[in-house]
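S.K.:
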Amino acid sequence: MRQRVGRSIARAKFINTALLGRKRPVMERVVDIAHVDSSKAIQPLMKELETDTTEARYKVLQSVLEIYDDEKNIEPALTKEFHKMYLDVAFEISLPPQMTALDASQPWMLYWIANSLKVMDRDWLSDDTKRKIVDKLFTISPSGGPFGGGPGQLSHLASTYAAINALSLCDNIDGCWDRIDRKGFTNG
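Next comes the structure, spelled out in structure tokens:
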């Protein structure tokens, strides 16, 4: 019995050190927010755990604050044409590898992009773009609803809501409303 316990402890130590990575001590730092400039205080925490991740986060925050300080006297402006180019690219390319987590949010992305285009200029949501949106949504749900987050994904309320919102921006182009399976919403 004692030998099995010893072997179990040795196995646990091996897993803990060799497989789970090196151990780093947890360092706590007490932050006194009474002496911190409130414009520089990003997160009013009394205690902060110090890890590689929090150190990297701190470095990013500092670099962002430097940018804000450098640009604080410049009046912000929305460059609509540049923004339009950025939004149009989203219809032309597939998601890059670092954004594959958004694969389950395709109806939402279509809605956000279409809404942005229409809000900035009504004419920017062209008939061609509307057709692309409709085609994409009915690729996600060939039966016409309810809609999932992407092709082959289970349908659910949130993605269906986003899909209907996106279709509403398409002004019933090519009779897209008639393609919606209204009974599918209550039967699903």
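Those letters in the sequence shown? Residues 1 to 188, per the UniProt record's numbering, in order. By construction, the Cβ of each residue, glycine as well, lies at the ideal position given by its N, Cα and C atoms.
1) Quick check: residue 140 and residue 166, are their CB atoms within less than 7 angstroms of each other?
2) Can you tell me whether residue 135 sits near the ligand SAH, meaning its C-beta is under 6 angstroms from at least one heavy atom of the ligand?
3) Just to confirm my understanding: we take residue 159, look at its own chain, exclude 5 residues before and 5 after, and list those with CB closer than 6 angstroms. What are they?
4) For the candidate residues 97, 85, 96, 100, whose alpha-carbon lies nearest to that of residue 113?
5) Would you mind stating whether residue 155 and residue 181 have Cβ atoms separated by less than 7 angstroms?
6) Assess, as a yes-or-no matter, whether the region 51–64 is touched by the region 73–87 under the definition of 3 or more beta carbon pairs within less than 8 angstroms.
7) Tell me, which residues are paired with residue 155 by DSSP?
8) Evaluate residue 99 with the Cβ neighbour count: other Cβ atoms within 10 Å of its Cβ, from every protein chain shown; 16 or more gives buried, anything less gives exposed.
9) By Cβ distance, which residues of its chain are closer than 7 angstroms to residue 115, with the 5 residues on each side in sequence left out?
10) With DSSP as the reference, please indicate the residues paired to residue 75 in a beta bridge.
11) Grab the span of the alpha helix (DSSP H) containing residue 107 for me, first residue to last.
12) What does the alpha-carbon distance come out to for the pair residue 127 and residue 68?
M.R.: Quick answer:
1) no
2) This structure simply doesn't include the ligand SAH, nor any ligand for that matter.
3) 107, 147, 148, 149
4) 85
5) no
6) no
7) 148
8) exposed
9) 169
10) Looking at the DSSP assignment, residue 75 forms no beta bridge with any residue, so it has no partner.
11) 106–120
12) 39 angstroms
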